[in-house]
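2 protein chains.
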Amino acid sequence: MADAIKGNAIIGQSGGPTAVINQSLVGAIEALYECDAVENVLGAQNAVRGIVEERFLDLNGLDAETLEAVANTPAAALGSSRDKPDAEYCKRIFQSLEKRNIRYFFYIGGNDSADTTRIVNEMANEAGYEMRVFHIPKTIDNDLRVTDHCPGYGSAAKFVASAFMGDDRDNNALPGIKINVVMGRNAGWLTAASVLGRGDVDCGPHLVYVPEVAFDTDKFIADVREVYGRLGRCQIAVSEGIADETGMPVTVGLAERLGHRVERDSHGNVQLSGSGALGDFLGDLVKQELKQQYKTIRVRSDTFGYLQRSFAGFASEVDQKEARLAGRTAVQYATSGDIDGSVAFNRIGEGENYAVECFRAELKDVARETKDLPREWINEAGNGIQQAFIDYAMPLTGGLPKVGQLRKMA
Amino acid sequence: MADAIKGNAIIGQSGGPTAVINQSLVGAIEALYECDAVENVLGAQNAVRGIVEERFLDLNGLDAETLEAVANTPAAALGSSRDKPDAEYCKRIFQSLEKRNIRYFFYIGGNDSADTTRIVNEMANEAGYEMRVFHIPKTIDNDLRVTDHCPGYGSAAKFVASAFMGDDRDNNALPGIKINVVMGRNAGWLTAASVLGRGDVDCGPHLVYVPEVAFDTDKFIADVREVYGRLGRCQIAVSEGIADETGMPVTVGLAERLGHRVERDSHGNVQLSGSGALGDFLGDLVKQELKQQYKTIRVRSDTFGYLQRSFAGFASEVDQKEARLAGRTAVQYATSGDIDGSVAFNRIGEGENYAVECFRAELKDVARETKDLPREWINEAGNGIQQAFIDYAMPLTGGLPKVGQLRKMA
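Chains A and B supply the protein sequences, listed in that same order. Note that my numbering gives residue 407 to position 407 of the first sequence, counting from 1, and the numbers run on in steps of one. Note that my numbering gives residue 1129 to position 129 of the second sequence, counting from 1, and the numbers run on in steps of one.
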């Protein structure tokens, strides 16, 4: 087993915020404080951007109270970046790290961040510069490979599930059709979480559409018509990334069908502005198709937006603990002989006995490609989510609010 | 003091949901169970609509566990309605209540609901039918007269404040201009709550626009330019109901300025669809005006939507207790001699000594007209909120999440 090398450590946070990305930061800082080989602990401001621009935060000697407050704060406390470094950019990263005698590089992020660490790590190896490089997983999308699930997902899932629970009661009190658009461009993990708090067979969401299944507009209308005819209301969960069988975003097809002008830029790409466009277009379509049968039909849509990833004070306790553990474990791996890798979770208990243990994954196995929601966790009709997903995701939320109903007719 | 008359009681819930509207329902039910004069407790399904259609729920003998679960559930457990009864409709309400020997009528809602109870009460008086009629206040808009504040507001304020806290950290991590549209067609109470969790002078929201101040588009652009130039980012809170000095919704003027086609219906009213239109238009305008100076400026908008009124599991504890108290107090008033009225709050302590006591308000003083955010609680420039509002609103949230920051440069 290799000894811990002497030198400085740096931590960066990349990509979109989560409610627990700072738990991983603080877990890593706490573990680094315990390690004699680590001299200075630096933070990279705005991720890789801050490394190449040499904008660093001093993370030495922070007191427990500050650390705890930061850990409980959503969104990257170090600042983040959307930069996806190419080889040249990675070279500048490596040069900046080498200049500061960084021997421990921790990068909290998704699959693109794993790829960045992989490239920087290879450059260090080629240069014969000894540096331990660890990726710490983070994404509300839950789409990283190898690991059972990703820190950040449980809190976002709790938020989405709770939003649907309350909104379902809202829809029950003032019946109509309600469309909620959930984050997830390529994978339906977060949209699937809409079902986690569903009370019984009459509760919403009644229909769930994820990017893993090609969206068929006529089938959608038939689905809504069936539910509305049966219950007099319908709550619908839709991933922002749903696309038709050719892969074209649903918004484009809907805009054309509804007679909206679709603008294209000089490259021929469709320009669709409007933060609520998908929900609005689906709502307009439903109104258009059902208004003959139901004259006063009430149709509304909401697009949950950034609240899903950065709402304060509502993180999953399980997610918080696991994110902290992931940060801490990355340091333990890096300082006890492991050269590089990504921290991953293995589930070692189900239901009430739910627990995880960490293991080291290879950077190349986590980098770049992502993981979809398994097709068998989506129902055959492609408009609902199976119990197997609920069993998988429920423990990650740390528990959901309880709701009650009144039913007895007088 | 009049004796409690023997007979049945009915409770209804009207208008838009809140997180604590069922606390008031349960408070009333619990108090009615303790009253010997009350024979049966009925619930009106979907408010006045259920009364005239004789759709009732049996609320007798519900166990404590069910009541507690219902109390903690957002949105009217009895179902709600948007109906605004005229005199003829009120007559049918009264006839339905008389038929069921209702002697206690409790109606949870906003100013329109207070007006309904006022009319029904007058009809009962004219008919010589003895009935005690109480309005129990409820609205996230906080716009009822007489009372210090309204049950439902504290929870919505807590949600909006927490959303802005997290989103501000998000905006700090990935800098740009972020516009958040908050509920409130006529009054800025809820939008003002965006400032409650603001950490320090650099934290957002940096600009706040409420309907009480006429919106000036050019001044808005100048405000954003100033903040963005100074901080490199800008988080903005906007009420959905902002209008220009002629009272025209801002969306209409923006649509014309941005070159969008503005459709008008057969009555000449502007038709603006799009759940995110206001935020999107403001965002497009900012991009258009600032892009020459800042080429890669990042502008995003979110419209918080229904989550503000019905999110599950995040109610203000203070609001929950007060809503329960309002329901209970309405029954105490009705069964101990008071004939009619609305329950109102009087604040009897400030800051850490915050407390309320209830008093009876006249229905006519609560009905119809509403209460704006005082002009002196908005800054002179009309783009920010004063400390006096924070002192007023903070206790109603029951406390906000704590957030932390890292600041020391290396």
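Glycine included, each C-beta is placed from N, C-alpha and C at the ideal position.
| Query | Result |
| --- | --- |
| Which runs of the beta strand (DSSP E), 3 residues or longer, sit entirely within the stretch 1004 to 1039 of chain B? | 1007 to 1013 |
| Give a yes or no on whether the C-beta atoms belonging to Asn172 (chain A) and Ala237 (chain A) are separated by under 7 Å. | no |
| In whole angstroms, what is the alpha-carbon distance linking Val26 (chain A) and Ile1390 (chain B)? | 31 Å |
| Mark Ala1322 (chain B) as exposed unless 16 or more other C-beta atoms lie within 10 angstroms of its C-beta, in which case mark it buried. | Here residue 1322 (chain B) is Glu; the residue named in the question, Ala, does not match the sequence. Buried, by the Cβ-count rule. |
| Any C-beta of chain A sitting closer than 7 Å to the C-beta of Phe1314 (chain B)? | yes |
| Which bits of chain B does Ala163 (chain A) rub up against, with CB to CB less than 8 Å? | Leu1307, Phe1311, Ala1312 |
| Out of A:Gly247, A:Gly305, A:Lys291, A:Gln293, state which residue places its alpha-carbon closest to the alpha-carbon of Gly274 (chain A). | A:Gly305 |
| Examine the Cβ distances between the stretch 1329 to 1345 of chain B and the stretch 193 to 213 of chain A and report whether three or more of them are shorter than 8 Å. | no |
| May I ask you to list the residues that DSSP assigns as paired with Gly341 (chain A)? | A:Phe134 |
| Indicate whether Ile1011 (chain B) and Gly1043 (chain B) have their beta-carbon atoms separated by less than 7 Å. | yes |
| Taking contact to mean 3 or more Cβ pairs, one atom from each stretch, closer than 8 Å, check whether the stretch 1202 to 1209 of chain B and the stretch 41 to 55 of chain A are in contact. | no |
| For the candidate residues B:Met1248, B:Val1201, B:Cys1035, whose alpha-carbon lies nearest to that of Phe1215 (chain B)? | B:Met1248 |
| Please work out which residues of its chain come closer than 6 Å, Cβ to Cβ, to Thr191 (chain A), disregarding the five sequence neighbours upstream and downstream, and give them in chain order. | Val182, Gly184, Val210, Ala237, Ser239 |
| Quick one, are the C-beta atoms of Ala19 (chain A) and Thr397 (chain A) less than 7 Å apart? | no |
| Cutting at 7 Å between CB atoms, please list the residues of its own chain near Ser155 (chain A), excluding the five before and the five after it. | Thr18, Ala19, Val20, Ala315, Ser316, Asp319 |
| Pull up the distance between the alpha-carbon of Met1 (chain A) and that of Asp1167 (chain B), whole angstroms please. | Residue placement at Met1 (chain A) is flagged as unreliable, the pLDDT there being 46, under the threshold of 50; a coordinate-derived value is accordingly withheld. |
| Is Pro211 (chain A) close to chain E? Criterion is C-beta to C-beta, closer than 7 Å. | The question asks about chain E, but that chain is absent: this structure's protein chains are A and B. |
| Could you tell me the alpha carbon to alpha carbon distance between Ile1177 (chain B) and Lys1287 (chain B), rounded to whole angstroms? | 9 Å |
| Would you list, in chain order, the members of the stretch 1142 to 1170 of chain B that have their beta-carbon closer than 7 Å to a beta-carbon of chain A? | Ser1162, Ala1163, Met1165, Gly1166, Asp1167, Arg1169, Asp1170 |
| Of all the options A:Ser81, A:Pro74, A:Glu30, A:Ala87, which has the alpha carbon lying nearest to the alpha carbon of Gly61 (chain A)? | A:Glu30 |
| To the nearest angstrom, how far is it from the Cα of Ala1009 (chain B) to the Cα of Ala1087 (chain B)? | 22 Å |
| Just curious, the alpha helix (DSSP H) that Tyr1090 (chain B) is in, first and last residue? | In the sequence on display, residue 1090 (chain B) carries Cys and not Tyr. 1087 to 1099 is the extent of the alpha helix (DSSP H) around Cys1090 (chain B). |
| May I ask you to list the residues that DSSP assigns as paired with Ile385 (chain A)? | A:Ile378 |
| Taking only beta carbons into account, state which residues of the stretch 83 to 116 of chain A come closer than 7 Å to chain B, listed in chain order. | none |
| Under 7 Å between C-beta atoms, does Val403 (chain A) make it to chain B? | yes |
| Whose Cβ in chain B lies nearer than 8 Å to the Cβ of Asn172 (chain A)? | Ala1075, Gly1079 |
| Would Lys295 (chain A) pass as an interface residue toward chain B - the criterion being a Cβ-Cβ separation below 7 Å? | no |
| Going along the stretch 1010 to 1029 of chain B in order, which residues come within less than 7 Å of chain A, judged by CB to CB distance? | Pro1017 |
| Kindly give me the distance between the Cβ atoms of Arg103 (chain A) and Glu122 (chain A), rounded to whole angstroms, as I take these residues to be in contact under 8 Å. | The pair is not a contact, with the Cβ atoms about 16 Å apart (cut-off 8 Å). |
| How do the stretch 277 to 285 of chain A and the stretch 245 to 259 of chain A stand: do at least 3 beta-carbon pairs fall below 8 Å, yes or no? | yes |
| To the nearest angstrom, how far is it from the Cα of Glu352 (chain A) to the Cα of Asp1058 (chain B)? | 36 Å |
| Less than 7 Å separating the beta-carbons of Lys1371 (chain B) and Asp1143 (chain B)? | yes |
| Taking 7 Å as the CB-CB limit, is Thr1251 (chain B) close to chain A? | no |
| DSSP on Pro74 (chain A), reduced to helix/strand/coil? | coil |
| Within 10 angstroms of the Cβ of Thr1147 (chain B), are there 16 or more other Cβ atoms? Answer buried if so, exposed if not. | buried |
| Report the three-state DSSP secondary structure of Ala1049 (chain B) (helix, strand or coil). | A small fix is needed here, since residue 1049 (chain B) is Arg in this sequence, not Ala. DSSP places Arg1049 (chain B) in helix when its eight states are reduced to three. |
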